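First to last, the protein sequences are chains B and F. Sequential numbering from 1 applies to the first sequence in full-length UniProt numbering. Sequential numbering from 1 applies to the second sequence in full-length UniProt numbering. A virtual CB, placed ideally from N, CA and C, is assigned to each residue, including glycine. As the structure is a prediction and not an experimental result, all values here were calculated from the model. Below is one structure, written out as structure tokens, with a few remarks after it.
There are 2 protein chains.
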Amino acid sequence: MTSTAYTSRVFPLETMDVPGGTETILRGGRHLFPLLPQAFAGVRRIGVLGWGPQGRAQALNLRDSLTGTDITVTVGLRPGSASAADARANGFTEEDGTLGEWLAVAADSDLLILLIADAALAAHHQEIFAALKPGAVIGLSHGFLLGHLRETGGEFPPGHGVIAVCPKGMGDSVRRLYRQGEEINGAGINSSYAVHADPDGRAVDLALGWSVALGSPYTFRTTLAGEYLSDIVGERAILLGAVHGIVESLYTRARLAGDAPVTAYEKACENITGPIARTISHTGLRAVREELNPDGQDVFDRAYTATYGPAREIVAEIYDEVADGTELRSVILAEQRLGSRPMSAIGGSPMWSVSDEVHARRGARDLPVDPFTAGVFVATMTAQVDEFAERGHAWSEIVNESVIEAVDSLLPYMHARNVAHMVDNCSRTARLGARRWGPRFQSAYEQIAYPAAELPADQTLLTAFTTHPVHDALSAATKLRPSVDIAVS
Amino acid sequence: MTSTAYTSRVFPLETMDVPGGTETILRGGRHLFPLLPQAFAGVRRIGVLGWGPQGRAQALNLRDSLTGTDITVTVGLRPGSASAADARANGFTEEDGTLGEWLAVAADSDLLILLIADAALAAHHQEIFAALKPGAVIGLSHGFLLGHLRETGGEFPPGHGVIAVCPKGMGDSVRRLYRQGEEINGAGINSSYAVHADPDGRAVDLALGWSVALGSPYTFRTTLAGEYLSDIVGERAILLGAVHGIVESLYTRARLAGDAPVTAYEKACENITGPIARTISHTGLRAVREELNPDGQDVFDRAYTATYGPAREIVAEIYDEVADGTELRSVILAEQRLGSRPMSAIGGSPMWSVSDEVHARRGARDLPVDPFTAGVFVATMTAQVDEFAERGHAWSEIVNESVIEAVDSLLPYMHARNVAHMVDNCSRTARLGARRWGPRFQSAYEQIAYPAAELPADQTLLTAFTTHPVHDALSAATKLRPSVDIAVS
Numbered sequence: 001m002t003s004t005a006y007t008s009r010v011f012p013l014e015t016m017d018v019p020g021g022t023e024t025i026l027r028g029g030r031h032l033f034p035l036l037p038q039a040f041a042g043v044r045r046i047g048v049l050g051w052g053p054q055g056r057a058q059a060l061n062l063r064d065s066l067t068g069t070d071i072t073v074t075v076g077l078r079p080g081s082a083s084a085a086d087a088r089a090n091g092f093t094e095e096d097g098t099l100g101e102w103l104a105v106a107a108d109s110d111l112l113i114l115l116i117a118d119a120a121l122a123a124h125h126q127e128i129f130a131a132l133k134p135g136a137v138i139g140l141s142h143g144f145l146l147g148h149l150r151e152t153g154g155e156f157p158p159g160h161g162v163i164a165v166c167p168k169g170m171g172d173s174v175r176r177l178y179r180q181g182e183e184i185n186g187a188g189i190n191s192s193y194a195v196h197a198d199p200d201g202r203a204v205d206l207a208l209g210w211s212v213a214l215g216s217p218y219t220f221r222t223t224l225a226g227e228y229l230s231d232i233v234g235e236r237a238i239l240l241g242a243v244h245g246i247v248e249s250l251y252t253r254a255r256l257a258g259d260a261p262v263t264a265y266e267k268a269c270e271n272i273t274g275p276i277a278r279t280i281s282h283t284g285l286r287a288v289r290e291e292l293n294p295d296g297q298d299v300f301d302r303a304y305t306a307t308y309g310p311a312r313e314i315v316a317e318i319y320d321e322v323a324d325g326t327e328l329r330s331v332i333l334a335e336q337r338l339g340s341r342p343m344s345a346i347g348g349s350p351m352w353s354v355s356d357e358v359h360a361r362r363g364a365r366d367l368p369v370d371p372f373t374a375g376v377f378v379a380t381m382t383a384q385v386d387e388f389a390e391r392g393h394a395w396s397e398i399v400n401e402s403v404i405e406a407v408d409s410l411l412p413y414m415h416a417r418n419v420a421h422m423v424d425n426c427s428r429t430a431r432l433g434a435r436r437w438g439p440r441f442q443s444a445y446e447q448i449a450y451p452a453a454e455l456p457a458d459q460t461l462l463t464a465f466t467t468h469p470v471h472d473a474l475s476a477a478t479k480l481r482p483s484v485d486i487a488v489s
Numbered sequence: 001m002t003s004t005a006y007t008s009r010v011f012p013l014e015t016m017d018v019p020g021g022t023e024t025i026l027r028g029g030r031h032l033f034p035l036l037p038q039a040f041a042g043v044r045r046i047g048v049l050g051w052g053p054q055g056r057a058q059a060l061n062l063r064d065s066l067t068g069t070d071i072t073v074t075v076g077l078r079p080g081s082a083s084a085a086d087a088r089a090n091g092f093t094e095e096d097g098t099l100g101e102w103l104a105v106a107a108d109s110d111l112l113i114l115l116i117a118d119a120a121l122a123a124h125h126q127e128i129f130a131a132l133k134p135g136a137v138i139g140l141s142h143g144f145l146l147g148h149l150r151e152t153g154g155e156f157p158p159g160h161g162v163i164a165v166c167p168k169g170m171g172d173s174v175r176r177l178y179r180q181g182e183e184i185n186g187a188g189i190n191s192s193y194a195v196h197a198d199p200d201g202r203a204v205d206l207a208l209g210w211s212v213a214l215g216s217p218y219t220f221r222t223t224l225a226g227e228y229l230s231d232i233v234g235e236r237a238i239l240l241g242a243v244h245g246i247v248e249s250l251y252t253r254a255r256l257a258g259d260a261p262v263t264a265y266e267k268a269c270e271n272i273t274g275p276i277a278r279t280i281s282h283t284g285l286r287a288v289r290e291e292l293n294p295d296g297q298d299v300f301d302r303a304y305t306a307t308y309g310p311a312r313e314i315v316a317e318i319y320d321e322v323a324d325g326t327e328l329r330s331v332i333l334a335e336q337r338l339g340s341r342p343m344s345a346i347g348g349s350p351m352w353s354v355s356d357e358v359h360a361r362r363g364a365r366d367l368p369v370d371p372f373t374a375g376v377f378v379a380t381m382t383a384q385v386d387e388f389a390e391r392g393h394a395w396s397e398i399v400n401e402s403v404i405e406a407v408d409s410l411l412p413y414m415h416a417r418n419v420a421h422m423v424d425n426c427s428r429t430a431r432l433g434a435r436r437w438g439p440r441f442q443s444a445y446e447q448i449a450y451p452a453a454e455l456p457a458d459q460t461l462l463t464a465f466t467t468h469p470v471h472d473a474l475s476a477a478t479k480l481r482p483s484v485d486i487a488v489s
């Protein structure tokens, strides 16, 4: 599906072995910053629309990386935006021309990066397109707009390059790891890039330059459609939606077995965001199982093989509905409905009331991996990997969207806050998706998977796991960045 | 939205008071059977396509009611259909021309009633339409085909009447209560009727005649779109989807509080399908609360007011997605996916393993209404009533689709079998909808409603319930039929 081979006139590329072939990747790093002016040839003014987590992080990283060049970064906001104060506090000001009204900034940019919320993009993209100067390049960090245009019969304005650089992590991590990169070269959040329209042949190097300037340890190629699908499906599955469903169902299971609330929370949520995420991040997926003792491995195996089928069913359903546009329509409907009926928060669920107590107990001891929890979580992650592989996504995208983004960005964030905080505070599109699909995982696991985990493990599924091509793909991807612990304050 | 006033050249009509006005209704009964030939003027041959629960029930009821007239009823089946044997066992045979291949039957009918499964209708309606003889009337018992045609840009064939008579209950009940009607005049399942196309002015009386011949105690008017919306939304909410979510969440709640499985099942499932359904059916919604002692009423009130908001949110979301076509698209996608990945059954959930034990305990004592369960269930029911009222449905349709069909048909069936059996065995469209939305109710109730039920009851919501117009609408509808206990063997 995705052609992952490409060439660059500016950057040195590498070939990475992946199951079934190779992918071309760009290994990032600050030593490449002197090449940025070449990559940005033809671009003197970069406009960043939006000052949400991504907008803020990208504007700051780009400005820092382009220090000493004559390329400027200007932030464009809606009139009266509440974000203006923080932008000014970070050195983007009207006085020096680096902060302005968004349509004015759009009209003045050679590369215009659209980092406003999906709903705003849906509502205003036509005005923004109309403001562009001839030859300006449109930059996206998310495939949503493509999905929206397809649903509504719209299109990108002809004659303008359309590129995407999509950091595989939250805006906070994109900035924080970039700063860590001042000490550890190569620290950062990986990105995918895509070229959707390239009227003058500049697009690849411009996208790669943008990604390098963001601090991406490695950049891999995708398509806007592939990005959209893997991202929107991922946030409804292992990145967020399924995590919520998993922790609620495991919490209940533990409580029904007689565990006190704190113990149940540790078995469910804390285990996933803490030791399981850490093990996968440092040592990979197979290590989660290998580091268990034989009894633990038996529990893992039965939980894994009981969960895999139900997980795969749901991921397939999510994928179909995202690919079909159905999921997007429900997001748009929800936007309309939410005007009059705001979404209720989930943070009131009983399990979240114990999270403070659990956080206080941290550091007193190392929480061991719970084998049942691990089996359930790893099965869900593997189900998503398999579904993406079946649908033809590139291996870089599969491992980033199904493993790395979870264990390096989202789960550590949830470890510091909690899962409910994340579900109640992430992007509207992600939030709606998680609320829609989290309960599907929860109920399928409670009603089908956990009862089936009493049975002996299915050896075929287990062998498929232990010999899975994803382990090599993950190792290859992991080699390309230093092992960084994301410090979340 | 719905014009509920109409006239008949054949049947005596009545006016029923409903909140905000009146509705014209037809009170049924066997004493009207002599008028059937008039109502069916122009129709000598009725074809019933399909021998599922509805097809079987309607074919049998029509044949019995039209005994002694020269109007024949013929069943049409797909070649090689497994249903042929049962149809023959019930007297529909090739030999006497009352059983045949479906397209041949379609070509030979003056009124062709389409009671095949939604997926088959979606796949084959064009062939069936093409087979019709000039002037033949198309009969439906479900608005699905209208939704499908709208989604796909198709249309009904011009020049043919299109009518619907939609029994508000399962096929089994339609036949069983008709038989009970041999003793108790007026026993039966209510129906709505709609006229979608009427090229020659016959449609109203033909539809009313069909409904009378089915044994409908009362027939009320709707539109095909209104029928479709209330039916598809209803089965995802109080008729099936929400029931499943409610019982799973209440079962877990009781188990977490320390109840043994049998006790928990009695509080959750048994309570709803047994005493709560019976009370509503015999005495109405308000009686459920009024028959509780003061402590019980306090528990009811808090459960009711905590549940109403989350329930209403979800029903509104379901409605939007059904009305928008999004839900239908997901059903179609699921059909495609289910070819290779069959749906897993939910009957393995832990709660269902105790249902046999609970059934065995019946009769030993009268299970009292559990006030918390009652508050949750009645709140969900009222939320659906309110959403339908806000969307402009006629009161007859509201009470039938939100109350009567549940307490007179579906819940008694679930009482005899169990809820899981129903979810795993009803129509494909209903099954998919229940599996999609049941978990939403479950998780919202567990995470938002039940924690909030600790708080004092919201008096505004309570007053809205006790003074609700639905109580009068329900009384008016209930007066129109004898109080029958549906014997489910």
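| Curious, which full-length alpha helix (DSSP H) runs of at least 4 residues does the stretch 126–187 of chain B contain? | Every alpha helix (DSSP H) stretch that sits fully inside the stretch 126–187 of chain B and reaches 4 residues is listed by chain position as 144–152, 171–180.
Secondary structure at residue 516 of chain F, three-state DSSP: helix, strand or coil?
Since the first and last residues shown for chain F are 1 and 489, residue 516 of chain F lies out of range.
Pairwise C-alpha distance: F:Arg88 and B:Asp320
Those two C-alpha atoms are separated by around 41 Å.
Q. When DSSP builds the beta bridges, which residues end up paired with B:Gln21?
A. The question names Gln, but residue 21 of chain B is Gly in the sequence shown. DSSP, once it has assigned bridges, lists B:Val18 as partnering B:Gly21.
Going by the beta-carbon positions, is the gap between B:Leu303 and B:Val376 smaller than 7 Å?
Here the sequence assigns Ala to residue 303 of chain B, which means Leu is not the residue at that position. Less than 7 Å divides the Cβ of B:Ala303 from the Cβ of B:Val376.
Considering only their Cβ atoms, is the gap separating B:Val165 from B:Ser230 smaller than 7 Å?
Judged by beta-carbon spacing, B:Val165 lies beyond the 7 Å limit of B:Ser230, meaning their Cβ atoms are not closer than that value.
Given a cut-off of 7 Å on the beta-carbon distance, is the pair F:Asn61 and F:Gly181 in contact?
Not in contact: F:Asn61 and F:Gly181 (Cβ atoms no closer than 7 Å).
(request) With F:Glu227 as the anchor, note down where its alpha helix (DSSP H) starts and where it stops. (result) Its alpha helix (DSSP H) spans residues 224–236.
What are the start and end residues of each continuous alpha helix (DSSP H) run of 4 or more residues lying completely inside the stretch 252–340 of chain B, in chain order?
-> Qualifying alpha helix (DSSP H) stretches, in chain order: 261–265, 277–283, 285–290, 294–324, 326–338.
Starting from B:Ser281, find everything on chain F with Cβ-Cβ shorter than 7 Å and list it in chain order.
Simply none; closest approach about 29 Å.
If you drop the 5 nearest sequence neighbours on each side, which residues of the same chain put their C-beta closer than 8 Å to that of B:His471?
Cβ within range, chain order: Gly284, Leu285, Arg286.
Quiz item: How would you write the range of the beta strand (DSSP E) that F:Thr219 sits in, first residue to last?
Solution: Counting along the chain, the beta strand (DSSP E) containing F:Thr219 begins and ends at 218–221.
### Query
Would you say B:Ser489 reaches chain F, if we count a Cβ-Cβ gap shorter than 7 Å as a contact?
With a pLDDT of 41 at B:Ser489, under the threshold of 50, the predicted position of this residue should be treated as unreliable, and no value is reported.
Query raised in the report: Looking at the structure shown, is F:Arg417 part of a helix, part of a strand, or coil, going by DSSP?
Result: Reduced to three states, the DSSP call for F:Arg417 is coil.
Going by C-alpha to C-alpha distance, which of B:Gly154, B:Gln447, B:Ala41, B:Val43 sits closest to B:Ala311? Ranking B:Gly154, B:Gln447, B:Ala41, B:Val43 by Cα distance to B:Ala311 puts B:Gln447 first.
Excluding the five sequence neighbours on either side, which residues of its own chain have a C-beta within less than 6 Å of the C-beta of F:Val10, listed in chain order? If we look at F:Val10 and ignore the five residues flanking it on each side, its Cβ neighbours are Leu35, Gln38, Ala39, Asp205.
Next item on the list: Could you have a look at F:Asp472 and say whether DSSP puts it in helix, strand or coil?
Entry: DSSP places F:Asp472 in the helix class (H, G or I) of the three-state scheme.
So, does the CB of B:Gln447 fall closer than 7 Å to a CB anywhere in chain F?
For B:Gln447, the closest Cβ of chain F is nearer than 7 Å.
Q: Indicate whether at least one CB of chain B lies closer than 7 Å to the CB of F:Thr326.
A: At a cut-off of 7 Å, the C-beta of F:Thr326 has a neighbouring C-beta in chain B.
Problem set entry | Where B:Gln126 falls, given that 16 or more other Cβ within 10 Å makes a residue buried | Its Cβ having fewer than 16 others within 10 Å, B:Gln126 is exposed.
**Prompt:** Does any CB atom of chain B fall closer than 7 Å to the CB of F:Gln442?
**Reply:** Output row for F:Gln442: interface = yes.
Assigned exposure category for B:Ala487 - 16 Cβ within 10 Å defines buried:
In this prediction, B:Ala487 scores a pLDDT of 47, lower than 50, which makes its location untrustworthy; the coordinate-derived value is nonetheless stated afterwards. Of the other Cβ atoms in all chains shown, fewer than 16 fall within 10 Å of the Cβ of B:Ala487; this residue is therefore exposed.
Mind pulling the chain B residues with CB within less than 8 Å of F:Leu256? Taking a Cβ-Cβ threshold of 8 Å, the residues of chain B close to F:Leu256 are Thr252, Arg255, Leu256, in chain order.
Would you mind stating whether F:Asn271 and F:Asp408 have Cβ atoms separated by less than 7 Å? A distance of 7 Å or more separates the beta carbons of F:Asn271 and F:Asp408.
What residues match up with F:Thr380 in a beta bridge as DSSP calls it?
-> Per DSSP, none; premise fails for F:Thr380.
*Using DSSP bridges, identify the partner residues of B:Gly76.*
B:Leu49, B:Gly100, per the DSSP bridge assignment.
* Asked: Can you tell me the Cα-Cα spacing of F:Val299 and F:Ala277, whole angstroms?
  -> Straight-line Cα distance between these residues: approximately 19 Å.
For F:Gly147, which residues in chain B fall below 9 Å Cβ to Cβ? In chain order: nothing, as chain B lies at least about 14 Å away.
Q.
Give me the DSSP bridge partner(s) of B:Leu193.
A. The displayed chain sequence assigns Tyr, not Leu, to residue 193 of chain B. Beta-bridge annotation (DSSP): B:Tyr193 is paired with B:Val165, B:Arg221.
| For F:Asp320, which residues in chain B fall below 9 Å Cβ to Cβ? | Neighbours of F:Asp320 in chain B, taken as residues at a C-beta separation under 9 Å, are given in chain order as Ser330, Leu333, Ala334, Gln336, Arg337.
Tell me, which residues are paired with B:Ile113 by DSSP? Beta-bridge partners assigned by DSSP to B:Ile113: B:Val48, B:Gly139.
> Going by DSSP, which residues form a beta bridge with B:Arg27?
Replying inline: Under DSSP, B:Arg27 takes part in a beta bridge, and its partners are B:Tyr218.
Excluding the 5 residues preceding and the 5 following B:Ala213 in the sequence, name in chain order all residues of the same chain whose CB lies nearer than 7 Å to its CB. Within the same chain, Cβ atoms closer than 7 Å to the Cβ of B:Ala213 are found at Leu36, Asn61, Leu62, Ser65, Leu66, the five residues on either side in sequence being excluded.
Is B:Pro350 close to chain F, meaning its C-beta is less than 7 Å from at least one C-beta of that chain?
At least one chain F Cβ lies under 7 Å of B:Pro350.
How about B:Met1: is its C-beta nearer than 7 Å to some C-beta of chain F?
Residue confidence for B:Met1 is low, a pLDDT of 43 falling below 50, so the modelled location carries little weight; the figure read from the coordinates is stated next. For B:Met1, no CB of chain F lies under 7 Å from its own CB, so it is not counted at the interface with that chain.
Handout entry: Proximal residues of chain F, C-beta to C-beta of B:Glu248 below 8 Å
Key = Correct list: Ser443, Glu446, Gln447.
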